[in-house]
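Trainee: Here it is, the structure, as structure tokens.
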Amino acid sequence: MESLGLIYEQAQKLVEQYIPDQITKMHLRETEVFMRALAEHFHENPEEWGIIGLLHDLDWALTKDNQSEHCVKVQEILKETGASDFLIETIISHGYGHTIIPKLANKQRSIKIQYCLAAAETLTGIIIASALVQPDKKLSSVKIESLKKKFKNKEFAAKCNREIVMECEKAGIPLDEFLQIGLSSLQDIAPELGL
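Taking our numbering, the leading residue of the sequence shown gets 21, the next gets one more, and so forth.
Dropping the structure here:
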């Protein structure tokens, strides 16, 4: 994989600097651990993939009220830190095809890590929602069969785009395996998430 231009500690500092709210920090952490698990699956570098997951929504606090700038502002932030073009392009790729972001609406993901990032960060929402509807609100109570059913039910966690999650198959991972990797990775940090 190409150089990212920054190390994990720098990525953590950027999150502290730009993300004030705990919910977004948790989403970034969830995506980080899922990406690390995917890196292990593909025999890639878990720390590098983790950095990409951790930073993917770095501009969210700055753009949530003007979502057309999401994945646009992050480019300016990362350029200032010395991040590589590869890192910036990979991070903004999770916004490709979203009509709410006019500058990215006509772009398409094209490589494995881009498919994985978009699919993983989207699936975290379904997995967390699956935990929150458990009687004990615990990730450990979410079983893979239940997650598969919830994934098929488009009314459950309706804002999570199933087509984007299905891009895992373009990365070479069957959906069922992708769901299992995601669920297991988040269960591994359940105490940290309070779930």
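Glycine included, C-beta positions come from ideal geometry on N, C-alpha and C.
(1) Is Ile39 closer than 8 Å to Lys45 when the C-beta atoms are compared?
(2) I need the straight-line Cα distance from Lys84 to Ala178, nearest angstrom please.
(3) Pick helix, strand or coil for Thr51, following the three-state DSSP scheme.
(4) Quick check on the burial criterion: 16 or more other C-beta atoms within 10 angstroms. Buried or exposed for Glu187?
(5) Please work out which residues of its chain come closer than 8 Å, Cβ to Cβ, to Pro122, disregarding the five sequence neighbours upstream and downstream, and give them in chain order.
(6) Quick one, which of Lys132, Cys180 and Phe176 has its alpha-carbon nearest Leu143's?
(7) How about Lys93 and Asp79: are their beta carbons less than 8 Å apart?
(8) If I measure Cβ to Cβ from Gly145 and keep anything under 6 Å in the same chain, skipping five residues before and after, which residues do I get?
(9) Rank Ile184, Ile147 and Leu24 by C-alpha distance to the C-alpha of Tyr116 and give the top, closest one.
(10) Run the CB neighbour count on Ile27, radius 10 Å, all protein chains shown included, and call it buried at 16 or more, exposed below.
(11) Note down the Cα distance separating Asp196 from Ser166, rounded to an integer number of angstroms.
(12) Hey, is the stretch 57-71 in contact with the stretch 155-162, meaning 3+ C-beta pairs nearer than 8 Å?
(13) If the criterion is Cβ atoms closer than 8 Å, does the pair Ile201 and Leu58 meet it?
(14) Quick one: is Ala210 near chain B, going by C-beta distance under 8 Å?
(15) Gly145 lies in the alpha helix (DSSP H); which residues open and close that run?
(16) Throw me the rounded Cβ distance for the Leu137 and Met55 pair, which I believe falls under 8 Å.
(17) When you compare only the Cα positions, how much space is there between Thr119 and Lys127?
(18) Determine the contact status of Ile193 and Val53, defining contact as a CB-CB distance below 8 Å.
(19) Take Ser150 and list the residues in its own chain whose beta-carbon comes closer than 6 Å to its own, dropping the five residues that flank it on each side.
(20) Report the option in Ala140, Asn65 and Pro66 whose CA atom is closest to the CA atom of Leu203.
Mentor: Per the coordinate set shown:
(1) Between Lys45 and Ile39, the CB-CB gap stays under 8 Å.
(2) Those two C-alpha atoms are separated by around 19 Å.
(3) Looking at Thr51 - three-state DSSP - the assignment turns out to be helix.
(4) Here Glu187 is buried: its Cβ has 16 or more other Cβ atoms, across all protein chains shown, within 10 Å.
(5) Ser88.
(6) If you compare the alpha carbons of Lys132, Cys180 and Phe176 with that of Leu143, the shortest gap goes to Cys180.
(7) In this structure, Lys93 lies near Asp79, with their beta-carbon atoms less than 8 Å apart.
(8) Contacts found: Ala177 and Cys180.
(9) Taking the Cα of Tyr116 as reference, the smallest distance to any Cα among Ile184, Ile147 and Leu24 is reached at Ile184.
(10) Under this definition Ile27 is an exposed residue.
(11) Asp196 and Ser166 have their alpha carbons spaced roughly 12 Å apart.
(12) Result no; under three Cβ-Cβ pairs closer than 8 Å.
(13) A contact, by the Cβ cut-off of 8 Å.
(14) The question asks about chain B, but that chain is absent: this structure has only one protein chain.
(15) Its alpha helix (DSSP H) spans residues Lys132 to Leu152.
(16) Confirmed, Cβ separation roughly 7 Å.
(17) So the two alpha carbons sit approximately 10 Å from each other.
(18) In terms of Cβ geometry, Ile193 and Val53 do not form a close pair [threshold 8 Å].
(19) Result list for Ser150: Val162, Leu167 and Lys170, in chain order.
(20) Ranking Ala140, Asn65 and Pro66 by CA distance to the CA of Leu203 puts Ala140 first.
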